[in-house]
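A.B. asks:
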Amino acid sequence: DESIINGGFTITSPNVTIDGFTFNGSISAVEFNTAGTTVKNNIVSSSSVEGSFRTEHISTVASNTVISQNKFTSGDVDIRYLGNKNIKASGIVIENNRSSNPRTFLVLNNTEGADVTGNAVSSATGTAIALQGGNKDLSITRNNIQGARNPITLDKQYITGGIGYSKNSNVTVQYNNLLGINDANSYSRVQKDAVEGDVLVNMTKNFWGAPEGPYDLNNDVSNPKTNSLQPSFEYGGVRQYIDYSSWLCQP
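Going from the sequence shown to the working numbering is simple: count from 1 and add 7.
(1) Is any heavy atom of the ligand GTP found at a distance shorter than 8 Å from the C-beta of residue 24?
(2) Cα separation between residue 62 and residue 39?
(3) Counting only the same chain and skipping the five closest in sequence on each side, list residues whose C-beta sits under 6 Å from that of residue 183.
(4) Quick one: grab the DSSP three-state call for residue 219.
(5) In angstroms with no decimal places, state the Cα-to-Cα distance between residue 121 and residue 13.
(6) Where does residue 120 fall in DSSP's three states?
(7) Along the chain, where does the beta strand (DSSP E) that runs through residue 194 open and close?
(8) Reducing DSSP to helix, strand and coil, say where residue 144 ends up.
(9) Only counting the same chain, and skipping five residues up and downstream in sequence, which positions put a Cβ closer than 6 Å to that of residue 196?
(10) Determine which residues share a DSSP beta bridge with residue 244 and list them.
(11) Alpha carbon to alpha carbon, what distance is there between residue 157 and residue 206?
(12) Identify, in the order they occur along the chain, each residue of the same chain with its Cβ nearer than 6 Å to the Cβ of residue 142, setting aside the five sequence neighbours on each side.
(13) By Cβ distance, which residues of its chain are closer than 6 Å to residue 258, with the 5 residues on each side in sequence left out?
(14) Residue 11 to residue 25, Cα distance in whole Å?
(15) Looking only at DSSP bridge pairs, what is residue 89 linked to?
(16) For residue 189, write down the residues that DSSP places opposite it in a beta bridge.
(17) What first and last residue would you give for the beta strand (DSSP E) that runs through residue 139?
(18) Buried or exposed, going by whether 16 or more other CB atoms sit within 10 Å of the CB of residue 37?
(19) Which one or two residues does DSSP pair with residue 105 in a beta bridge?
(20) If residue 110 sits next to residue 82, beta carbons under 8 Å apart, how far is it from one beta carbon to the other, in whole angstroms?
This is the structure in structure tokens:
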């Protein structure tokens with residue numbers, strides 16, 4: 008049986024494994040202050056606006072971290088800030104986790120090389136997966152996102168001191184179920200200037216809730232890369248700078 012922790016762990020030594028705990032309370036369950044941590048098979052009901060699993064976001068990163076097969080029921084932010092604004096994290100694997108009713112399942116910034124795959128997120132009240140700038144070489148595949156206000160968003164990250172901002176590059180989002188809710192404000196989106204080269208983000212080969220593809224809030228029928236026929240926003244939609252020119256007709 009899982010051991011119950013009414014608090015959390017701060018990881019200060021490399022290559023630590025956190026396996027089989029139940030976390031309760033109002034603070035972060037795991038704070039990464041070093042690299043090489045594996046966190047798996049835990050039940051997380053502790054709630055923290057800073058994130059149930061996180062770094063302190065000032066001087067540390069969580070490179071070579073594996074977060075796998077955990078169950079989140081926190082109702083807030085599950086995983087947040089494995090990199091920080093000054094140092095990139097790398098070698099991140101987030102796989103086969105389950106999250107129910109979070110505000111946000113995952114926030115990534117300044118991360119290079121991450122696989123986000125096989126996760127199931129239901130009824131996120133905010134953004135299920137938020138990419139907040141400075142990310143490179145991210146693969147987001149085979150996730151099942153159901154009933155999120157915003158399944159996936161990409162934003163630029165303002166640099167400390169307010170001089171300029173960092174963008175995302177080489178982000179691939181494919182073979183996911185990306186279902187929003189029946190609301191005109193429910194959609195996946197990419198912020199202007201959030202991607203290097205101002206290219207469209209590859210979100211092809213996803214299932215958007217209907218065989219006709221996502222509802223396109225831009226309604227740009229002249230753009231061959233935004234050619235959805237879905238007649239309503241029943242399952243959410245897309246807005247700006249997304250290539251969904253091919254999609255899956257079923258989950």
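For glycine and all other residues, C-beta sits at the position ideal for the given N, C-alpha and C.
None of the values given here were measured: they were computed from a predicted structure.
C.D. replies: To lay it out plainly:
(1) Looking at this structure, you won't find the ligand GTP or any other ligand, since it has none at all.
(2) Rounded to whole angstroms, the separation of the alpha carbons of residue 39 and residue 62 is 5 Å.
(3) Excluding positions up to five away in sequence, the list reads 150 and 213.
(4) It is coil, neither helix nor strand.
(5) If you take the alpha carbons of residue 121 and residue 13, they lie about 30 Å apart.
(6) Reduced to three states, the DSSP call for residue 120 is strand.
(7) Its beta strand (DSSP E) spans residues 194 to 197.
(8) Note: residue 144 maps to strand in three-state DSSP.
(9) 160, 246 and 247, listed in sequence order.
(10) Partner(s): 194 and 222.
(11) When rounded, the distance between both Cα atoms is 21 Å.
(12) For residue 142, where only same-chain residues beyond five positions count, the Cβ hits under 6 Å are 115, 118 and 175.
(13) Excluding positions up to five away in sequence, the list reads 184 and 214.
(14) One C-alpha to the other measures close to 13 Å.
(15) Residue pairing by DSSP places residue 89 in no beta bridge whatsoever.
(16) Beta-bridge pairing links residue 189 to no other residue.
(17) Premise fails: residue 139 is in no beta strand (DSSP E) and is neither H nor E.
(18) Within a 10 Å sphere around the beta-carbon of residue 37 sit 16 or more other beta-carbons, which makes this residue buried.
(19) For residue 105, which the question treats as bridged, DSSP gives the partners 78 and 127.
(20) Confirmed, Cβ separation roughly 7 Å.
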